[in-house]
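> For the sequence shown, the working numbering assigns the number 980 to the initial residue and increments by one for each residue that follows. For every residue, glycine included, the Cβ atom is placed at its ideal position computed from N, Cα and C. Pasting a structure below so you can have a look.
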Amino acid sequence: MKNRITLSAKFLTVNGTRAGIQISAGPWISGVPAELIKVRCKKGTFPAGFREALTIENNSDSREDYFEADCIRLMPGHALYDAAKAAA
């Protein structure tokens, strides 16, 4: 089954499940590509269905008390890149 994924300025929808998002388009620190766009979940973690459809990153470390929201990194060529760039 092909995943239905849509992105707007405030929401990411995967197969009918919607999550609030924040889109960041930089500027980034040196060493990070300028064209990178990050899509973060407002509630911290994306629903399970999102993890099956997209590559989601989370570098939280509970041992060190460092927590971050789930993040999707988009580069040119990704199916959602143009929509995220327009919404950022």
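1) Applying the 10 Å Cβ sphere with the 16-neighbour rule, what's the burial state of residue 1017?
2) Just to confirm my understanding: we take residue 1005, look at its own chain, exclude 5 residues before and 5 after, and list those with CB closer than 7 Å. What are they?
3) When you compare the region 983-991 with the region 1034-1050, are there three or more beta-carbon pairs, one atom per stretch, that lie closer than 8 Å?
4) Compare the C-alpha of residue 1003 against each of 993, 1020, 995 and name the closest.
5) Go through its chain and collect everything with a Cβ distance to residue 1036's Cβ below 6 Å, but skip five positions before and after it.
This is what the structure gives:
1) Translated into the one-based positions of the sequence shown, residue 1017 becomes position 38. Buried is the call here.
2) For the purposes of this step, residue 1005 is taken as the residue at position 26 of the sequence shown. The residues are 1013, 1015.
3) no
4) Looking up residue 1003 in the sequence shown gives position 24. Closest option to residue 1003, Cα to Cα, is 1020.
5) Start at 1 with the first residue of the sequence shown, and residue 1036 comes out as number 57. For residue 1036, where only same-chain residues beyond five positions count, the Cβ hits under 6 Å are 1050.
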